[in-house]
Amino acid sequence: MASVSRLGTAALRSSLSFSSISARSASFNAARCYSSAKSQSLKERFAEKLPEELEKVKKLRKEHGSKVIGEVTLDQVYGGARGIKSLVWEGSVLDSEEGIRFRGKTIPECQQVLPKAPGGEEPLPEGLFWLLLTGEVPTEQQVRNLSSEWAARSDVPKFIEELIDRCPSDLHPMAQFSLAVTALEHESVFAKAYAKGINKKEYWQYTFEDSMDLIAKLPTIASKIYRNVFKDGKVAPVQKDKDYGFNLANQLGYGENKDFVDLMRLYLVIHSDHEGGNVSAHTTHLVGSALSSPMLSLAAGLNGLAGPLHGLANQEVLNWLFKMKKTIGNDLSDQAITDYLWSTLNAGQVVPGYGHAVLRKTDPRYVSQREFAQRKLPDDPMFKLVSQVYKIAPKVLTEHGKTKNPYPNVDAHSGVLLQYYGLTEASYYTVLFGVSRALGVLPQLIIDRAFGAPIERPKSFSTAAYAKLVGAKL
Ligand code: CMX
Numbered sequence: 001m002a003s004v005s006r007l008g009t010a011a012l013r014s015s016l017s018f019s020s021i022s023a024r025s026a027s028f029n030a031a032r033c034y035s036s037a038k039s040q041s042l043k044e045r046f047a048e049k050l051p052e053e054l055e056k057v058k059k060l061r062k063e064h065g066s067k068v069i070g071e072v073t074l075d076q077v078y079g080g081a082r083g084i085k086s087l088v089w090e091g092s093v094l095d096s097e098e099g100i101r102f103r104g105k106t107i108p109e110c111q112q113v114l115p116k117a118p119g120g121e122e123p124l125p126e127g128l129f130w131l132l133l134t135g136e137v138p139t140e141q142q143v144r145n146l147s148s149e150w151a152a153r154s155d156v157p158k159f160i161e162e163l164i165d166r167c168p169s170d171l172h173p174m175a176q177f178s179l180a181v182t183a184l185e186h187e188s189v190f191a192k193a194y195a196k197g198i199n200k201k202e203y204w205q206y207t208f209e210d211s212m213d214l215i216a217k218l219p220t221i222a223s224k225i226y227r228n229v230f231k232d233g234k235v236a237p238v239q240k241d242k243d244y245g246f247n248l249a250n251q252l253g254y255g256e257n258k259d260f261v262d263l264m265r266l267y268l269v270i271h272s273d274h275e276g277g278n279v280s281a282h283t284t285h286l287v288g289s290a291l292s293s294p295m296l297s298l299a300a301g302l303n304g305l306a307g308p309l310h311g312l313a314n315q316e317v318l319n320w321l322f323k324m325k326k327t328i329g330n331d332l333s334d335q336a337i338t339d340y341l342w343s344t345l346n347a348g349q350v351v352p353g354y355g356h357a358v359l360r361k362t363d364p365r366y367v368s369q370r371e372f373a374q375r376k377l378p379d380d381p382m383f384k385l386v387s388q389v390y391k392i393a394p395k396v397l398t399e400h401g402k403t404k405n406p407y408p409n410v411d412a413h414s415g416v417l418l419q420y421y422g423l424t425e426a427s428y429y430t431v432l433f434g435v436s437r438a439l440g441v442l443p444q445l446i447i448d449r450a451f452g453a454p455i456e457r458p459k460s461f462s463t464a465a466y467a468k469l470v471g472a473k474l
């Protein structure tokens, strides 16, 4: 509802008494002027829908709040909480057979209905962000306005650039990324307003502003890290009339290549959200539940994404493929690949890019990247290698008999696409995943604050206490 949004803006303005906030008002005003275009802004649309969404939850809880929705076994408790229903995540739901749906839409459906850049073939991440936050497909105009708004908010404080400059080049890019996002706390309007004292009902509005600022600044921060560690340290300025995916590609240094720009758009869309239980999403949500700012919450999530069993797997996949190539040379025969897979498994290591905690089929995010490769780089030798592994690995992993899902996940494919376009530095890949993940976890953080989600606090027991609970003697 526009009136809620106006109220929020007024409340926001009245709280802008800190010097660091007022220094940013120019960027806020710039952002506001884009949303004053005829179509409703994202914040206005979210505010308008909010009372209805709150009412749905209230009704559901009033009528069914005491219903039992599952049981928990001791094995689940010791098994990483697999399958325990205990989180609310509005943006996406993951089906073990079908894969991810963003607000009910599959990846191919999103590719079809979300607005594209002029001349572009892939959906714009701006549209996905809108969809995740509101549940609605935005108009072309709304997406263009969002591109402009993010570009208008993109300036990165000088001290953040200096902080990145001071990092040793052998500090992992994900550690640099997390450090820079943490330091953006300095810009958090949520943290400043909270310190001053605000009504709970306004939390989401400050969370929204922080999330928009944060997302807007990520391409420059991510590119600064890339250019510092691997190139000449120089980063192109954000082009204010261009979309988010273009700017990320361009700031990395690959804006000239139209296909790479489109790949970035696709990449940002498909890596964004994978429901709430994965480490990066859950961590962001958990830390946010303590009312830590979006900056601190996202940074915590990024630290989880940096683990090799999660987002870092895309780096691991590429390194693993190169090691394989070194061992088997040009022999891509079924036998050579089978032998290499077994050598990995017999060494007690996981096959990176394969398996999933929820999925039991090939990840549709893998499929969309494979289809991109089939269209754009069908003869690339690394793509051929990835395809050959896809043919063999599920059989070997099934025979190995441990993993519940012998099929590839998103990380099994992303690296070879980036390699093809010249972005060969595998240790950087998870940073791109992190930029995308922000687009998925921040909408939920805004929703959490709008819904008044409480601080999260599941119950733990010691082994002795569990034994007592199940009537066992140890
Ligand atoms: N290679 C070898 N063994 C595997 C395996 C793989 N790719 N995937 C699972 N297993 C093993 C597990 O290590 C586990 O072994 P133990 O019983 O000895 O501990 C067993 O199979 C059962 O695991 P699971 O229930 O099938 O899988 P989990 O839910 O525990 O773990 C995941 C899921 C993704 C961590 C795991 O499949 C894995 O380590 N895959 C490789 C790393 C990877 O690709 N991660 C990226 C996931 C996507 C993302 O988050 O970005």
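Using my numbering, read the sequence shown as starting at 1 and increasing by one per residue. Beta carbons: idealized from backbone N, C-alpha and C, even for Gly. Please read all numbers here as calculations on a predicted model, not as lab measurements.
Taking C-beta atoms as the reference points, residue 339 and residue 120 fail to come closer than 7 Å. In this structure, residue 222 and residue 177 form a Cβ contact; the two beta carbons are roughly 7 Å apart against a cut-off of 8 Å.
Annotation for residue 235: 220, 223, 224, 227, 251 place their beta carbon closer than 8 Å to its own, counting only its chain and skipping 5 residues before and after. According to DSSP, residue pairing for residue 93 in a beta bridge involves 101.
Under the rule that a run must span 4 or more residues, the alpha helix (DSSP H) segments found entirely inside the stretch 243-329 read 244-252, 258-270, 279-288, 294-305, 313-328. In this structure, the alpha-carbon of residue 355 lies about 18 Å from that of residue 273.
When DSSP reads this structure, residue 366 sits in no beta bridge, so it has no partner. The three-state secondary structure of residue 459, taken from DSSP, is coil.
In the displayed model, residue 200 falls within a helix according to three-state DSSP. The beta carbon of residue 112 is closer than 7 Å to none in its chain, skipping five residues each way along the sequence. For residue 123, the three-state secondary structure derived from DSSP is strand.
Between residue 429 and residue 440, the CB-CB gap reaches or exceeds 7 Å. Not one heavy atom of the ligand CMX falls within 6 Å of the beta-carbon of residue 307. For residue 170, no alpha helix (DSSP H) segment is defined, and its DSSP state is neither H nor E. The residue from 64, 154, 443 with its alpha-carbon nearest to that of residue 207 is 443.
In this structure, 402 is the residue among 402, 384, 322 with its C-alpha nearest to the C-alpha of residue 349. Here residue 64 is exposed: its Cβ has fewer than 16 other Cβ atoms, across all protein chains shown, within 10 Å. Apart from the 5 residues on each side of it in sequence, residue 417 sits with its Cβ closer than 7 Å to the Cβ of 263, 369, 372, 373 in its chain, given in chain order. When Cβ pairs closer than 8 Å are counted between the two stretches, the stretch 86-103 is seen to touch the stretch 276-284, the count reaching three or more. Nearest Cα to residue 424 within the set 437, 382, 465, 387: 382. Taking a contact as a CB-CB distance under 8 Å, the pair residue 248 and residue 431 does not count as one, their CB atoms being some 10 Å apart.
By the neighbour-count criterion, in which 16 or more other beta carbons inside 10 Å mark a residue as buried, residue 266 falls on the buried side. Here residue 321 has 382, 385, 386, 389, 415, 416 as same chain residues with Cβ atoms under 8 Å from its own Cβ, once five neighbours each way along the sequence are excluded. 77 is the residue among 52, 77, 150, 41 whose C-alpha sits nearest the C-alpha of residue 469.
With respect to the 7 Å criterion, residue 450 and residue 204 are classified as neighbours on the basis of their beta carbons. Cβ neighbours of residue 233 within its own chain (closer than 7 Å, five residues either side excluded): 227. Residue burial annotation: residue 237 is exposed, with fewer than 16 other C-beta atoms found within 10 angstroms of its C-beta.
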